[in-house]
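Undergrad:
There are 2 protein chains.
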Amino acid sequence: MEFYDTIRSRQSVRSYKPDSIPQDTLQRVLEAFQAAPSWANVQPWELILVSDPGLKAELQATLSEKNPGRAAIVEAPIVAAAVGIEGKSGFYKGQASTPRGDWMFFDLGIATEHLALAAASEGLGTVHVGLFDFAKAGEILGVPAGRSVVELIPLGYPAKTPSRVPRKDLKEFVFKDRHGQGYL
Amino acid sequence: MEFYDTIRSRQSVRSYKPDSIPQDTLQRVLEAFQAAPSWANVQPWELILVSDPGLKAELQATLSEKNPGRAAIVEAPIVAAAVGIEGKSGFYKGQASTPRGDWMFFDLGIATEHLALAAASEGLGTVHVGLFDFAKAGEILGVPAGRSVVELIPLGYPAKTPSRVPRKDLKEFVFKDRHGQGYL
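For the record, the sequence lines run as chains A and B.
FYI, this note's numbering numbers position 130 of the first sequence as 130, with every residue one higher than the one before it.
FYI, this note's numbering numbers position 88 of the second sequence as 1088, with every residue one higher than the one before it.
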């Protein structure tokens, strides 16, 4: 798919068909995740692709009852748990290089969005689910210390095409040379 | 450009031609940034497009002498300062919704990578520069309290095509159902 069409077609999908994902399609999506840039190329990430129905139900229970992503965790054929490896990104010889500390969270934003966009280019849906019990999800998936589950990302064919969500106008947030100076 | 070609063509570019960027090209890149998803669609970001040579020189001085992105800050026709708005993403009624606190940093990873990929699709180069004096950069650009400069992103036509940087093999970090179980 053309790049800008991909950007436009990526929406947060919360309703999935049970159809499985062909292996070659999944491979391309994983390679897009793999290609993501990170701080000094440390690649502080892992992906656990959960397809076992029992594990998906356990993961679903780590979301609150009100979370709009709840149904998607069991409906989608795969839930990708994005795991961050702590203490690498933004560190040099064990010391944080910036006042922001660990850049893992930033790098995981980049990499999970590579996955979401690649999925969109294949006609697959995703949604970034970040509101759940991280520690409990880590226990369920056997994630060792020094790593943590950052997001759960359902991955599958959309049952419904969501309506487009509006964005702020560019004039509201793009400035020229100094904060507050209109650009456009 | 085709989506996967865009993913492959995005490299960290640290050497730029002085050529300016056509307005319609820049507009498409900004719209890709605008389309990025964020926590509850709060869009906790702003962009300051710095083209003034004096300001670029001041920003360059916020990088250490050893930073490999230093030359790029003055060479590129535009430096996009990505500004994060604090206390919105991952918050509900003023309270952090998760133990991770502010998701602004995660959302900025997503949005800046939308910009980097859109740039690549236009034949433009970028590099994520995250190692500089954030507070000083904020002062230079007049960024108000409650916001901070997260990254400086040079944007322009590459003077050199960088060589491809290797990545970990998928088998090293993609697991099936539980951490450590081989998927592929």
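Just so you know, even glycine gets a beta-carbon here, dropped at the ideal spot from N, CA and C.
Let me see if you follow: with CB-CB separation under 8 Å, is Y157 (chain A) close to chain B or not?
TA: Chain B contact via Cβ: absent.
Undergrad: Check whether the Cβ of Q34 (chain A) lies closer than 8 Å to any Cβ atom in chain B.
TA: Q34 (chain A) counts as touching chain B.
Undergrad: Select from A:M104, A:Y92 and A:V74 the residue whose C-alpha is nearest the C-alpha of S15 (chain A).
TA: Checked all of A:M104, A:Y92 and A:V74; the closest Cα to S15 (chain A) is A:V74.
Undergrad: So, with DSSP's three-state summary, where would you put I78 (chain A)?
TA: The answer is strand: DSSP assigns I78 (chain A) an E or B state.
Undergrad: Which one or two residues does DSSP pair with Y16 (chain A) in a beta bridge?
TA: Paired residues: A:P158.
Undergrad: For chain B, is any of its Cβ atoms less than 8 Å away from the one on N67 (chain A)?
TA: Output row for N67 (chain A): interface = no.
Undergrad: How about I1153 (chain B) and H114 (chain A): do their beta carbons lie closer than 8 Å?
TA: Cβ distance not < 8 Å, so I1153 (chain B) and H114 (chain A) don't count as in contact.
Undergrad: For the putative contact between L1108 (chain B) and S97 (chain A), defined by C-beta atoms under 8 Å, what is the C-beta separation to the nearest angstrom?
TA: So it is not a contact: roughly 17 Å between Cβ atoms.
Undergrad: E1046 (chain B) versus chain A: which residues are under 8 Å apart at the beta carbon?
TA: F173, V174, F175 and H179, listed in chain order.
Undergrad: Would you mind reading off the limits of the beta strand (DSSP E) that contains I48 (chain A)?
TA: Here the beta strand (DSSP E) through I48 (chain A) covers W45 to V50.
Undergrad: Anyone know if the C-beta pair for H128 (chain A) and P1099 (chain B) falls short of 8 Å?
TA: Taking 8 Å as the Cβ cut-off, H128 (chain A) and P1099 (chain B) do not qualify as a contacting pair.
Undergrad: Between F3 (chain A) and chain B, is the shortest Cβ-Cβ distance under 8 Å, so that the two count as touching?
TA: Cβ-Cβ to chain B under 8 Å: yes for F3 (chain A).
Undergrad: Going by beta carbon distance, what residues of the same chain come within less than 8 Å of L1117 (chain B), once the five residues before and after it are set aside?
TA: Cβ neighbours of L1117 (chain B) beyond the five flanking positions: T1006, I1007, R1010 and A1032.
Undergrad: Judging by CA-CA distance, which residue of A:G146, A:F175, A:L141 and A:S163 is the nearest neighbour of V1174 (chain B)?
TA: When only C-alpha atoms are compared, the closest one is A:L141.
Undergrad: I want to see whether chain A comes within less than 8 Å of T1006 (chain B), judged by CB atoms only; does it?
TA: Closer than 8 Å: yes.
Undergrad: Considering only C-alpha positions, which residue in the set A:Y4, A:K17, A:F105 and A:F3 is nearest to L155 (chain A)?
TA: Looking at the Cα atoms, A:K17 is the closest of the given residues.
Undergrad: The alpha helix (DSSP H) that contains K136 (chain A), what's its start and end?
TA: Unbroken alpha helix (DSSP H) run through K136 (chain A): F134 to I140.
Undergrad: Measure the Cβ-Cβ separation of V1150 (chain B) and G1084 (chain B) and say whether it is below 8 Å.
TA: Yes, the Cβ-Cβ distance between V1150 (chain B) and G1084 (chain B) is below 8 Å.
Undergrad: Who are the neighbours of Q1095 (chain B) on chain A, taking C-beta pairs under 7 Å?
TA: Within 7 Å Cβ-Cβ: nothing; Q1095 (chain B) doesn't reach chain A, min ~13 Å.
Undergrad: When Cβ atoms are compared, which residues of the stretch 1096–1110 of chain B fall closer than 9 Å to chain A?
TA: Those residues of the stretch 1096–1110 of chain B that come within reach of chain A (Cβ to Cβ, closer than 9 Å) are S1097, T1098, P1099, R1100, W1103, F1105, F1106, D1107, L1108, G1109 and I1110.
Undergrad: Since E113 (chain A) meets chain B, which of its residues come closer than 8 Å, beta carbon to beta carbon?
TA: Simply A1036, P1037, G1109, I1110, E1113 and H1114.
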